[in-house]
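For the record, in the sequence shown the residue sitting at position 341 is 420 according to my numbering, with numbers rising by one throughout.
Contents: one structure, followed by commentary.
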Amino acid sequence: MILTKYFQQFFHNSKSSGIVLIIFVLISLLIANSSLSADFQNVLDSKIGTELFHLDYSVSVWVNDGLMAIFFLLVGLEIKRELLEGELSDIKKASLPIFAALGGMLIPAIIYFGFNHNTDYKNGWAIPMATDIAFSLAIISLLGKSVPNSLKIFLSALAIVDDLGAIIVIALFYTDSIDWISLGICGGITALLIILNKSGVNRLFFYIIPGLFLWYFMHHSGIHATIAGVILAFTIPTNLSETEISPLEKLEQKLHIPVSFVIMPLFALANTNITFQKEIFEGFINPLSLGIIGGLFIGKVLGINLFSFIAIKLKWAELPAFSAWKEMIGVGFLAGIGFTMSIFVSLLAFPSEIEIQDISKISILIASVLSGITGYFILKLNKKISQ
């Protein structure tokens, strides 16, 4: 019973998912730089599935297109809940994280583009736009009560808006060609899901089955299959009752543990297996690495605080309760942890260029570590000074 209690506490602690993610990143890096590297890559490249209906994909494709669709489903559910009944449901509450997220996406993209607009790396402009919810919230949770709860809510809402922006960017800018027949079928399935929602159908089974077909046809349409997860999420029924749990909340609760402790660690394991070769580091200081590190480490904190300052000066928003600009700077640095979504975008931006992917991943790791450490110590130091 005591052991069960500790397991429950671990799996429902926001710090835990970040810790597990870090462990799997380290495991992936260790494997990639050991004698197991070639065998591990063979596992990732091995095909699973059936040629029937064209469903024979490599393990890495199943992770990045299949399992990550479930991750995006959870993100979509969180966005919908926040829009209807959370921090984004009230325009006064939502305005600051929305403005902050816009700045936190725009300025990093501009910094990256400034370094890379005349290079072969220009397609990666969206890499430094994203904030990793799991890592950033895990680090701010480590500070406990020394950080106002309003700041944690602000960071969470900012990261959710940020994810919505990343989803839109992926759908609009990282689609090479479109199969209009498959996309039309996706439209029909989406219409069916909306009809089910409007008809008051609440059993999740009736949404999950069409959702699987939506994923299949989205994958074959040319638009990244993970978008199917977001579309499905926005059709799941919810309610504003505080006593009755909605289908959306039920699904969100069911997905939290598998996404945080299985899907995201597997994504990290499959996509941070970087072999540290001398050739990579010899050419590491280049526009690509400077654009990613500059965008995440400098662009995020600059964009978030600049746009927040403008919104507050124009009286469109106000600072989170019991917080000051020093703490906003600390939160801005934490938002520079781009890990999961940034790596995901780098895979889409440079789909067949492994060396460029590796430089991108190393740059994301460096920027994320620098951002996390800097944000943590700014918030920690600020608390000691205020005491």
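All residues carry an ideal CB built from backbone N, CA and C; glycine is no exception.
Asked: Enclosing alpha helix (DSSP H) for Leu-393 [first to last residue]; Found: Element bounds for Leu-393: n/a, residue is neither H nor E.
Asked: Reduced DSSP category for Leu-134 - H, G, I as helix; E, B as strand; rest coil; Found: strand
Asked: Segments assigned alpha helix (DSSP H), at least 4 residues, entirely inside the segment 225-308; Found: 228-252, 259-277, 284-300
Asked: Short Cβ contact (8 angstroms threshold) for Val-104 with Ala-347; Found: yes
Asked: Cβ-Cβ distance between Ser-43 and Ile-372 below 8 angstroms; Found: Since the first and last residues shown for the chain are 80 and 466, residue 43 lies out of range.
Asked: Inter-residue Cα distance where the pair is Ile-336 and Asn-197; Found: 43 angstroms
Asked: Sequence-distant residues of its chain with Cβ nearer than 8 angstroms to Gln-466 (five each side left out); Found: For Gln-466, the predicted model reports a pLDDT of 48, less than 50, meaning its position is unreliable and no value from the coordinates is stated.
Asked: Span of the alpha helix (DSSP H), counted from its first residue to its last, around Lys-126; Found: Here Lys-126 belongs to no alpha helix (DSSP H); instead the beta strand (DSSP E) covers 126-129.
Asked: Residue from Met-407, Ala-307, Gly-97 with nearest C-alpha to Leu-456; Found: Just to set this straight, residue 456 is Phe in the shown sequence, not Leu. The candidate whose alpha carbon is nearest that of Phe-456 is Met-407.
Asked: Gln-356, DSSP secondary structure in three states; Found: coil
Asked: Whole-angstrom distance between Met-297 and Trp-141, CA atom to CA atom; Found: 14 angstroms
Asked: Coarse secondary structure for Pro-316, derived from DSSP in three states; Found: coil
Asked: Presumed contact (8 angstroms Cβ cut-off) between Ile-310 and Leu-293, rounded CB distance; Found: 6 angstroms
Asked: Rounded Cβ spacing between Phe-194 and Leu-369 (contact assumed at less than 8 angstroms); Found: 5 angstroms
Asked: Ile-189 (DSSP reduced to helix, strand or coil); Found: helix
Asked: Ile-383 beta carbon less than 8 angstroms from that of Ala-414; Found: yes
Asked: Between the CA atoms of Ile-186 and Ala-238 - distance to the nearest angstrom; Found: 16 angstroms
Asked: Continuous alpha helix (DSSP H) stretch holding His-335: start and end; Found: 326-337
Asked: Burial state of Asn-228 (16 or more Cβ within 10 Å); Found: exposed
Asked: Reference Ser-431, options Ile-445, Ser-339, Tyr-200, Ile-218, closest by Cα; Found: Tyr-200
Asked: Rounded straight-line distance, which links the Cα of Leu-283 to that of Ile-268; Found: 15 angstroms
Asked: Option nearest Ser-387 by Cα separation, candidates Ala-180, Val-338, Ile-247; Found: Ala-180
Asked: Rounded straight-line distance, which links the Cα of Ala-236 to that of Asp-144; Found: 25 angstroms
Asked: Cβ-based neighbour list, Ala-304, same chain, cut-off 6 angstroms, excluding 5 preceding and 5 following; Found: Asp-144, Ala-148, Trp-294, Met-297, His-298
Asked: Inter-residue spacing [alpha-carbon to alpha-carbon] between Lys-231 and Pro-366; Found: 33 angstroms
Asked: Under the three-state DSSP convention, the category Pro-430 falls into; Found: coil
Asked: Phe-252, buried or exposed, once every other Cβ within 10 Å from all chains shown has been counted against 16; Found: exposed
Asked: Cβ-based burial, Ile-177 [other Cβ within 10 Å; buried from 16]; Found: buried
Asked: Closest by C-alpha distance to Leu-389, when choosing among Ser-116, Leu-175, Phe-132; Found: Per the sequence shown, the amino acid found at residue 389 is Ile instead of Leu. Per the Cα distances, Leu-175.
Asked: C-alpha gap between Ser-95 and Phe-233, whole angstroms; Found: 20 angstroms
Asked: Cβ distance (whole Å) where Val-51 is taken to contact Pro-344 below 8 angstroms; Found: No answer is possible for residue 51: the residues shown for the chain start at 80 and end at 466.
Asked: Inter-residue spacing [alpha-carbon to alpha-carbon] between Ile-302 and Thr-314; Found: 19 angstroms
Asked: Boundaries of the alpha helix (DSSP H) in which Ser-215 is found, first to last residue; Found: 212-221
Asked: Three-way DSSP call (helix, strand, coil) for Ala-347 in this model; Found: helix
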